[in-house]
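Read through the structure below, which is laid out as structure tokens, and then see the notes.
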Amino acid sequence: MSELTASAESTSEIRVLHVDDDPALTDLVATALERVNDRLAVTTANSVDAALALVRDEPFDCVVSDYEMPGRTGVEFLRTLRETHPHVPFILYTGKGSEEVASDAITAGASDYMQKEAGIDHYGVLANRIVTLVEHDRAEATMNDVQRLFSELADRTTDVLWLFTADWAELVFVNDAYEDVFGQPTDGLDDDAMGFLDAVRERDRPRLEDAMTALSDGVSVDIEVGVETTDEGTRDLWIKGEPITDDAGTVTHVGGFTRDITERKTRERELERYEAYLERSTDIITVLNADGTLKYQSPSVTRTLGYEPGELVGQNGFDIVHPNDRPGLFETFLQLVETPEDSVTAEGRFRTADGEWRWLEVRGRNHLDHPVIEGVITNNRDITERKRRERELARMRGLLEKTEHIADVAGWEVDAETMEVFWTDHLFDLIRADYDDEPTIDEALSIYHEDDRPVVENAIETALADGEPFDVEARFHTPCGELRWLRIQGVPIVEDGAVTTLRGAVQDVTAQKESERELTRQNDRLEEFASVVSHDLRNPLTVADGYLDLARETGDPDALDKVAHAHERMHDLIEDILALARQGDRVDADTPLDLAAVIEDAWRNVPTDGATLDIATTATVYANRGVLQQLLENLFRNAVEHGGDTVTVNAHDATITIADDGPGIPEHERDRVFETGYTTTDTGTGFGLAIASQCADAHGWTIRATESPDGGAQFELTNVHLE
């Protein structure tokens, strides 16, 4: 179906459809209208059906219809027409008019209502109404198209389009891009039209307010400002605004666009930083042709080599390379020229303007195929001081390697800038490490026991940050699982106020730590010994003195018996104390012994009072025979003295068990029975199980009290070497 309304092209013709059941009248009206206004082209129809058929096939700008027609009225025709063509201008033109008909016509969507009259002037009025309605309809259609296109533009553009009243008091229009650019909802501007100022960077706000004032005064503005958003930080915006005036030249509105130029400004700042880098960097940026001719050198050539910028341009860059380094550097350069987009790194000495030589690290990349560069770019860094330090370091390392074996001290070093680690060969030997290359800092720290690693890490971090030396100790496990102690010392090397290197030494202090522990243990035993001597021997001595005085006064022989018993008690205590003192040191526990034979010898040395021994093992034990026998004697004596009738000894899985069928040891007392002086009888010295514990410690074994299968006491020796 074609559109009813004809398009308004370059011609201003207006196509009119006149519908009336009187052919003579339609011909008259058509002729009159075309004569009154030559823009009008009138087509006639003498029935509603004929009119509907026409509008299906042809476009019309306006429809003029009679009211009373056979079959359907003009209002009924209008209602049918509106179903497919809701906007075409429609004039109800009738000879039988009434307010009721006019009301029905307007309700049905008629654009105008006229009664038929005679006279050429009447047709002039009709023609004017037709032209007015059509031009208004065309203007409205054009406006709708403009609004549609503007709406699509506003929806699709990332720019913020905005329109305010001249005094900025009211927002007329802003698109949704505002929310993305300013990070604020648009509805906030309904309550506060200038709320967008809240997002503007504080230092830019006065300039923007001045620009707004200028716009209101009729001056175009073009300004860049920053806004602070909650999600992406600061954004750079370009704002361009124009004043809008009425026919009298008065500014009624201000409008324009705001564009996010953050990426562009970022690139500009990067370019500025790059230009500043070229100006201030100590590295020399050089561009060479394929034959080595210099095309460009950055200003830093003056600071590094003493030449003026451009002084060497046009010369061959290898002319200032040291003769000994020139062949190697030139060969590397030729390889780079033959490989586009490749990069290389080399070192060499370059002659300064004063005739001296400085070491440069040269990093080159082939950009000969680049349409703008067309050359090889090199970044040349002065490493003269680094080369001096390397020579000094090599000398120091050589000296260190010679001396460390003499002092049994290993050396290490950490570069403060790169955190690269250097170990001397002796340090690899010391920790039994097998690395193909120098370890990383993480690998170097990982050798230490997890509980001690933070101590070493913190010491290194503090030394690098504050320049403070350190001296710490930490444990480490050898590959075979042995736990050893290391002393780690570090001294920062400071140059120009900054730590450049951390050097230090490592020494195995395991033997020293063991000696310290042994000394502590011996001091503890000495203190314990003194306590026992001062307390436990004093009691029987006091008893003996008392009964001796009584015997002297009374001559009672029973008192002398009591003195003798006290002396025997002191003798037993002294023997046990000496035995306990002798068990302080570790013993050689590498002699294979028949465990059953040692058990039998120990049993024979104990008053058993009728108790029986059950040996349930044929194992071989690696131990010191004398100390092991003393250990067993004390355990057997404890079992017999506390009522056990049968003592059973077994050995399996690195464990020896000595069990009895006596009353057992209460669970809450089992940890205390090995304490010196602990006893539950008046005749006991409280040293037997303490001596047994010392004997176990001397072998590196662990002893603990448990319950036997018969409910008696059971002592377990673990970590025993059995076969």
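Sequential numbering from 1 applies to the sequence shown in the numbering used here.
Beta carbons are placed, not taken as given, at the ideal position from N, Cα and C, and that holds for glycine.
Remember, predicted model here, so these are calculated numbers, not experimental data.
> Is the beta carbon of V160 sitting closer than 7 Å to the one on V181?
Replying inline: Locating residue 160 in the sequence shown gives position 160, where the first residue counts as 1. Locating residue 181 in the sequence shown gives position 181, where the first residue counts as 1. Their beta carbons are under 7 Å apart, which means V160 touches V181 by this criterion.
> Which of helix, strand or coil does DSSP assign to H136?
Replying inline: Residue mapping note: residue 136 aligns to position 136 of the sequence shown, counting from 1. H136 falls in the helix class under three-state DSSP.
> Relative to the alpha-carbon of N37, which residue among L54, V131, G700 has its alpha-carbon at the smallest distance?
Replying inline: Position 37 of the sequence shown, counted from the first residue, corresponds to residue 37. Of the candidates L54, V131, G700, the one whose C-alpha sits nearest the C-alpha of N37 is V131.
>> DSSP three-state label for P592, please.
In response: Here the question's residue 592 lines up with position 592 in the sequence shown. Here P592 sits in strand by DSSP.
> Going by Cα to Cα distance, which pick from R637, A690, V621, N650 is closest to H721?
Replying inline: As a first step, residue 721 must be located in the sequence shown, where it is residue number 721. That would be V621, whose Cα lies nearest to the Cα of H721.
> Relative to the C-alpha of V221, which residue among E272, T258, G188 is closest?
Replying inline: Reading the sequence shown from its first residue, position 221 is the one you call residue 221. Among E272, T258, G188, the Cα nearest to that of V221 belongs to T258.
>> Alpha carbons only, please: which of T230, S300, R388, T501 is nearest the one belonging to A465?
In response: Sequence index remark: in the sequence shown, residue 465 carries index 465 (1-based). Comparing Cα positions, the closest option is T501.
> In terms of DSSP beta bridges, what is T418 paired with?
Replying inline: As a working note, residue 418 is residue 418 in the sequence shown. Answer by DSSP bridge pairing: none, since T418 is not bridged.
> For the region 472-490 against the region 508-518, are there 3 or more C-beta pairs whose distance is under 8 Å?
Replying inline: yes
>> The beta strand (DSSP E) that contains V313, what's its start and end?
In response: By one-based count along the sequence shown, residue 313 stands at place 313. Looking at the DSSP string, V313 is not in any beta strand (DSSP E), and its letter there is neither H nor E.
>> Can you tell me whether Q315 is buried or exposed? The criterion is at least 16 other CB atoms within 10 Å of its CB, across all chains shown.
In response: Taking the first residue of the sequence shown as position 1, residue 315 is located at position 315. Exposed, since its Cβ has fewer than 16 Cβ neighbours within 10 Å.
>> Per the DSSP calculation, I725 is bridged to which residue(s)?
In response: Because residue 725 is not part of the residues shown, which for the chain are 1 to 723, the question remains open.
>> If the criterion is Cβ atoms closer than 7 Å, does the pair A30 and V42 meet it?
In response: Position 30 of the sequence shown, counted from the start, is the residue given in the question as residue 30. Position 42 of the sequence shown, counted from the start, is the residue given in the question as residue 42. For A30 and V42, yes; Cβs fall inside 7 Å.
> Looking at F90 and V48, is the spacing between their C-beta atoms short of 7 Å?
Replying inline: Here residue 48 corresponds to residue number 48 of the sequence shown, with the count starting at 1. Here residue 90 corresponds to residue number 90 of the sequence shown, with the count starting at 1. No, Cβ-Cβ distance for V48 and F90 is not below 7 Å.
> How should T157 be labelled, buried or exposed, when 16 other C-beta atoms within 10 angstroms of its C-beta is the threshold for buried?
Replying inline: What you label residue 157 is simply residue 157 of the sequence shown in a count that begins at 1. Exposed.
> Would E641 be called buried (16 or more neighbouring beta carbons within 10 Å of its own) or exposed?
Replying inline: Indexing the sequence shown from 1 puts residue 641 at position 641. E641 should be labelled buried.
> Under the three-state reduction of DSSP, which class applies to D121: helix, strand or coil?
Replying inline: Within the sequence shown, residue 121 is the residue found at index 121, counting from 1. DSSP places D121 in helix when its eight states are reduced to three.
>> Let me check understanding here. Comparing Cα to Cα, which of K96, G119, D609, I120 lies closest to Y113?
In response: The residue given as residue 113 occupies position 113 in the sequence shown. Measuring from the Cα of Y113, the nearest candidate turns out to be K96.
>> Does the region 257-273 come into contact with the region 342-353, if we say contact requires no fewer than three beta-carbon pairs (one atom in each stretch) closer than 8 Å?
In response: no
> Do you know whose CA, among T618, D588, T591, P592, lies nearest E600's CA?
Replying inline: Numbered from 1 along the sequence shown, position 600 holds the residue referred to as residue 600. Taking only the C-alpha atoms, the option nearest E600 is T618.
>> Within 8 Å, do at least three Cβ pairs link the region 374-388 to the region 413-427?
In response: no
> To the nearest angstrom, how far is it from the Cα of G71 to the Cα of A108?
Replying inline: Within the sequence shown, residue 71 is the residue found at index 71, counting from 1. Within the sequence shown, residue 108 is the residue found at index 108, counting from 1. Near 18 Å, if we compare the C-alpha coordinates of A108 and G71.
>> Measuring CB atoms only, is the region 698-717 touching the region 655-667, in the sense that at least three cross pairs come out at less than 8 Å?
In response: yes
> Just to confirm, are I284 and S300 a CB contact at a threshold of 7 Å?
Replying inline: Along the sequence shown, read from residue 1 onward, the residue named residue 284 stands at position 284. Along the sequence shown, read from residue 1 onward, the residue named residue 300 stands at position 300. Yes.
> Which parts of the region 344-406 are runs of the alpha helix (DSSP H), unbroken and 4 residues or longer, counting only runs that do not cross its ends?
Replying inline: none
>> Mapping the DSSP letters down to three states, classify P243 as helix, strand or coil.
In response: Against the sequence shown, residue 243 aligns to sequence position 243. Looking at P243 - three-state DSSP - the assignment turns out to be strand.
>> Measuring only the C-alpha atoms, how far is I703 from N638?
In response: Within the sequence shown, the letter at position 703 stands for residue 703. Within the sequence shown, the letter at position 638 stands for residue 638. Looking at the two C-alpha atoms, the distance is approximately 15 Å.
> Who pairs with Y622 in a beta bridge, going by DSSP?
Replying inline: Numbered from its first residue, the sequence shown carries residue 622 at position 622. Y622 is bridged to P592.
>> Just to confirm my understanding: we take A692, look at its own chain, exclude 5 residues before and 5 after, and list those with CB closer than 6 Å. What are they?
In response: Here residue 692 is taken as the residue at index 692 of the sequence shown, counted from 1. So the list reads L631, N634, L635, once near-sequence residues are dropped.
> Using the C-alpha atoms, what's the distance from W423 back to Q714?
Replying inline: Mapped onto the sequence shown, residue 714 falls at position 714. Mapped onto the sequence shown, residue 423 falls at position 423. Using only the alpha carbons, I get a separation of about 53 Å.
> Do you know offhand how far D22's Cα is from A51's?
Replying inline: Residue numbering aside, residue 22 sits at position 22 when the sequence shown is read from its first letter. Residue numbering aside, residue 51 sits at position 51 when the sequence shown is read from its first letter. Spanning the two alpha carbons is a distance of roughly 14 Å.
> Leaving out five residues before and five after I14 in sequence, what residues of the same chain have Cβ atoms less than 6 Å from its Cβ?
Replying inline: In the sequence shown, counting from the first residue as 1, residue 14 sits at position 14. Hits under 6 Å: R39, L40, D61, V134.
> For the candidate residues R552, G306, V362, whose alpha-carbon lies nearest to that of R326?
Replying inline: Within the sequence shown, numbered from 1, the residue matching residue 326 stands at position 326. For the residues R552, G306, V362, the minimum Cα distance to R326 belongs to V362.
> Where do the N-terminal and C-terminal ends of the alpha helix (DSSP H) with T213 fall, by residue?
Replying inline: The residue given as residue 213 occupies position 213 in the sequence shown. From DSSP, the alpha helix (DSSP H) with T213 extends over 205-216.
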